[in-house]
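**Q** Heads up, the sequence shown is in this note's numbering, so the first residue is 303 and it goes up one at a time. A virtual CB, placed ideally from N, CA and C, is assigned to each residue, including glycine. Provided herewith is a single structure, encoded as structure tokens, for subsequent inquiry.
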Amino acid sequence: MRLRHRGTQMKLNDYTVPPFLTISSISRPSAEVEFESSETASNLEILGNRNKETTITVKGMIRTGETVDKTWNTLTDIRDELMLHLYTDDDIAMTFSDEPDRIWYARFNGNYNPERINKRAAHVEWSFIVSKGKSKSTVNKTFQATKNSSGIWEFTIDNQGTAPVPIDYRIKLKKESGYIGLVSQYGAMQFGKVDELDSEIYKQNEILLNSPSFDAWQADTVNIQNSGNAINGSLKVTGNGDQPILVLDKVGSGTGWHGGVRTAEFKADSEGKKGSKNWYCYSEIAFEAWIHDQSGAITLCFYDKNKKSVFEFVIWKTTRDNYKTVVTWAGRSKVMQEITFDANNEGFNPFTADKGYFSIRKLGSEVQVHLFGKIYKDKDTSIENTEVVGCQVFIGQWGNRTVIDRNYISKLFFMKFIFEKTAVEKWRDVPNRFQPNREYYMNGSETKFYINNIPSLDDEIRGTQWFKAPPGETKVQLYVSDFSEIESATAEIREAFL
């Protein structure tokens, strides 16, 4: 029997239930509110409220049959397929074709039992528990900030849902600012300090190298990180879409690692001094293996004025029967971390081509690496006062593999590199906590503040209230320092419905 979709269709996460299911009715919840109270002899005090659990009930019929792509010969075939999508550890994102702009996050109650009509058909009634009693829109709404009649940057957020929702903000600056503030009638959020002292010696961070095009990276002949690596290949700049990237061009040859290197020296700071004892680096690297039998490596080596390694960050893979890959980093006298992960797209690979970001911060003898969603802290006293003057990147292949083919890592390239010297001593008369050329992101759901995708929790001022946008129109005003300029500012919500 050829099956065709009739009536409303149901989708569970990315799985559209095939036409073996014909839905006869759907009972969607409307939120119930449960109040918590305290009763005394004289009055009743309402302490709070929360949305109660509600239920979605789907009734219909399942029947055996076939489509162009697949055949279900028995009711057991149907059950086995549905079990893969009904029983999950997490909430299921449910959508229905008659309300395609709404998502319900729910869990199957576990009662699948069909009421058999005959051996080829059965009535079903399934229940799903909606823990928060509300659905969400499938799309985000974005609002641009503009100057109001008083010259203040202002968002007008229009929430046409029926429940308060978190607000995300993305802000870019033309000129540095000491603080960022967001104010509405429902609360205020502040990051950084409104008042900072003028006319004093202060310490500021300065970007000494920003590599969107890799013009500053010059070909070299010696691998500083490991002199045993054969440098008889070369690197080249190419493109990944509109983004310039640095990749392996000529593989070279050797019994161990072989490939090419490029070196970039950091410019002097604004006081004319070269060398950075304390510094911060933000970088993006792609390292994706699409088949088991692929190998390759990339290293970043920060070196001193004598071209000796101070700190190195290495990603490499030589395994031939799995995706196991190693990322490691080390100071001058010790290996700080060595972590194994799968470099494919099925597990948690932090170096996918659409992400790949990580950061390194050196403060005296301490090195902090932000990777895998956490911050690793280690110390090496031998580099406490050592200044780095540049960085070298090596990209290479292993052993007798001398061409770029299916055995080379499918996506291995250097995407972005920003080096910042911290604590440059200067005289100042204005604050400069937040620099231009960065994205400042406030995640309302997480209540976290990010700079260039990296959490920056210390910038949030005590007393900040992460307010939500209730149904209707909400005005939110954006404030920065008087000497600052805003390049762009957007707010984003996803409407929810009780």
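(1) Based on the DSSP output, what are the partners of Lys-636 in its beta bridges?
(2) Rounded to whole angstroms, what is the Cα-Cα separation between Arg-352 and Phe-398?
(3) With a 10 Å radius around its C-beta and 16 neighbouring C-beta atoms as the bar for buried, classify Gly-543 as buried or exposed.
(4) Beta-carbon separation of Thr-627 and Ala-655 under 8 Å?
(5) Less than 8 Å between the C-beta atoms of Leu-602 and Ala-566, yes or no?
(6) Buried or exposed, going by whether 16 or more other CB atoms sit within 10 Å of the CB of Gln-267?
(7) On the three-state DSSP scale, how would you describe Ser-439?
(8) What would DSSP say about Thr-823, mapped onto helix, strand or coil?
(9) Taking the alpha-carbon positions, what's the Glu-722 to Glu-586 distance?
(10) Ordered along the chain, which non-local residues of its own chain (more than five positions away) have a Cβ less than 6 Å from that of Val-616?
(11) Can you tell which of Thr-683, Lys-718, Tyr-742, Tyr-752 has the C-alpha that lies nearest to the C-alpha of Ile-547?
(12) Give the straight-line distance between the Cα atoms of Gly-766 and Val-690, rounded to the nearest whole angstrom.
(13) Quick check: the Cα distance between Arg-404 and Asn-315, rounded to an integer number of angstroms?
(14) Roughly how many whole angstroms lie between the Cα atoms of Ala-465 and Leu-475?
(15) Should Gly-658 be listed as close to the ligand MG, given that the test is whether its C-beta is under 7 Å from any heavy atom?
(16) Per DSSP, Ser-329 forms a beta bridge with which residues?
(17) Output the boundary residues of the alpha helix (DSSP H) element that contains Met-385.
(18) I'd like to know if the stretch 742 to 755 and the stretch 431 to 451 are in contact, where contact means that at least 3 CB-CB pairs between them fall below 8 Å.
(19) Skipping 5 residues on each side, what residues in its chain have a beta carbon closer than 8 Å to that of Gln-596?
(20) In or out: His-560 buried (at least 16 other Cβ within 10 Å) or exposed?
(21) Do you know how far the Cα of Tyr-659 is from the Cα of Gln-639?
(22) In the DSSP assignment, find the beta strand (DSSP E) that holds Lys-538 and state where it starts and stops.
**A** Once the coordinates are examined:
(1) Its beta-bridge partners do not exist; DSSP assigns none.
(2) With a pLDDT of 47 at Arg-352, under the threshold of 50, the modelled position of this residue cannot be trusted; read the value that follows with caution. About 26 Å.
(3) exposed
(4) no
(5) no
(6) This structure leaves residue 267 out entirely; the chain is present only between 303 and 800.
(7) strand
(8) The chain is shown only over 303 to 800; residue 823 falls outside these bounds and no answer can be derived.
(9) 15 Å
(10) Thr-601, Thr-630
(11) Lys-718
(12) The amino acid occupying residue 766 in the given sequence is Thr; Gly does not appear at that position. Cα-Cα distance, rounded: 38 Å.
(13) 13 Å
(14) 32 Å
(15) Looking at this structure, you won't find the ligand MG or any other ligand, since it has none at all.
(16) Thr-359
(17) 377 to 388
(18) no
(19) Lys-619, Arg-708, Asn-709, Tyr-710, Ile-711, Ser-712
(20) buried
(21) 18 Å
(22) 536 to 542
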